[in-house]
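My numbering applies: residue 234 is where the sequence shown begins, and numbers increase by one. Written below as structure tokens is the structure these notes are about.
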Amino acid sequence: MIASLWAGAQWAVGYLVAPTLFALVDDRREAGRIAGWLFERVNLLGLGCAGLLVTLLVARRSAAVFREWLLFVVAAMLALSLALQFWIQPTMQALKLAGEAASAAFAMWHGVSSGLYLLQSLLAGVLVVGVQRRPPC
């Protein structure tokens, strides 16, 4: 259930809500501001879900947890959430505030962010399938 919550939020915001915002909201800056706020919430949700999943994996499998591939999927997703939340999004925010002069740099970081989000989304699919086959609790 925890993995499904995390993955579902990731997929819903990234591939349904954010594109819809940019399609329906006339002001692209406002759509971007709202999307950024939602992505921040998904990243924070991911931090909590990762903590719960690691706790459940360790409680169930003790020392064997370090040979458990699900742990590495959760760790990779956690690392991506941390990078997006505390490095890439703040960098993008600073570039937005810098204005037109930083638009090329913003576009580059937006591409990096999108690529990492896609990777995290694919890992979320692996996690959901893996948890169904080997529940952490």
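Where is the CB? At the ideal position from N, CA and C, for every residue including glycine.
When burial is assigned at 16 or more other CB atoms within 10 Å of the CB, is residue i buried or exposed?
i, result
"W239", "buried"
"Q243", "buried"
"F272", "buried"
"Y350", "buried"
"M341", "exposed"
"A357", "buried"
"V206", "Within the shown structure, residues of the chain are numbered from 234 to 370, placing residue 206 beyond reach of any answer."
Between which two residues does the alpha helix (DSSP H) holding residue i run?
i, result
"G247", "Per DSSP, G247 belongs to no alpha helix (DSSP H) and is neither H nor E."
"A283", "261 to 294"
"Q326", "322 to 331"
"M234", "Element bounds for M234: n/a, residue is neither H nor E."
"A357", "336 to 366"
Output the distance between the C-alpha atoms of residue i and residue j, rounded to the nearest integer angstrom.
i, j, result
"F339", "V287", "34 Å"
"A312", "S346", "13 Å"
"L285", "V291", "10 Å"
"P252", "G348", "16 Å"
"A236", "I267", "25 Å"
Looking at residue j and residue i, is the spacing between their C-beta atoms short of 9 Å?
i, j, result
"V359", "V306", "yes"
"K329", "G265", "yes"
"Q229", "L317", "Past the boundaries of the shown model lies residue 229; the chain is included only from 234 to 370, so the question cannot be answered."
"A283", "M310", "yes"
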